[in-house]
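Undergrad: This structure is in structure tokens; I'll ask about it shortly.
Residue numbers (the numbering used here): 69 to 284.
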């Protein structure tokens, strides 16, 4: 599918990280991307206090060994509080290492997390095709390390108006594959009425920059 749609490199995850458990899905993801330099991995997190995952320093060391460059959190599915009380040590380390955290559009949670960790790089993905600008624009304006994807951002002139107000550097191309086809976001970005350099930044430049900043 990546080759068919012209996607040369991707930041990927495994459904078992969400639908089963990170202790199952993270190793499956690491195995799936091994030997595939065009695939960069993400892992999901669980509270360190339950002993299901390594201590933060060891966890980060394993990330480096397995070509994992970002983390995901599914607090509703895995029943935990995504806050400083639960993840303070890990998130402090993520800020230090510049590791992005990828979340769904749970806006009150995202706002609270960024208030606790304003320097944490947070990427919200899959925020819907009706436009949720009233939620995310205040976060864009307040937190410089907050980013959104455009996988389902199909609002008429949404990309154009976002770039006009904020520039292209806080928006990332994504597809929501396999839940959605890769072709839709490709078409949306290709035909957006923005300069080619803005399209290049959204398509790959912004994510490449974030991944290069990770210091494991």
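Cβ atoms here follow ideal geometry from the backbone N, Cα and C, with glycine treated the same way.
Keep in mind it's a predicted model, so treat the numbers as computed, not measured.
1) Rounded to a whole number of angstroms, what is the C-alpha to C-alpha distance between residue 261 and residue 77?
2) What separation, rounded to the nearest whole angstrom, lies between the Cα atoms of residue 130 and residue 79?
3) In terms of residue numbering, what span does the beta strand (DSSP E) encompassing residue 111 cover?
4) Note the first and the last residue of the continuous beta strand (DSSP E) segment covering residue 214.
5) Measuring CA to CA, which of 243, 234, 158, 153 is closest to residue 196?
6) Comparing the C-beta of residue 234 with each C-beta of chain C, is any distance below 8 Å?
7) Please state the DSSP three-state secondary structure of residue 121.
8) Can you tell me the Cβ-Cβ gap for residue 19 and residue 274, rounded? I've got them flagged as a contact below 8 Å.
TA: Taking the geometry as given:
1) 24 Å
2) 17 Å
3) 107 to 112
4) 214 to 217
5) 243
6) Considering every chain present, this structure includes no chain C. It has just one protein chain.
7) coil
8) Outside the modelled stretch of the chain, which goes from 69 to 284, sits residue 19, for which no answer is possible.
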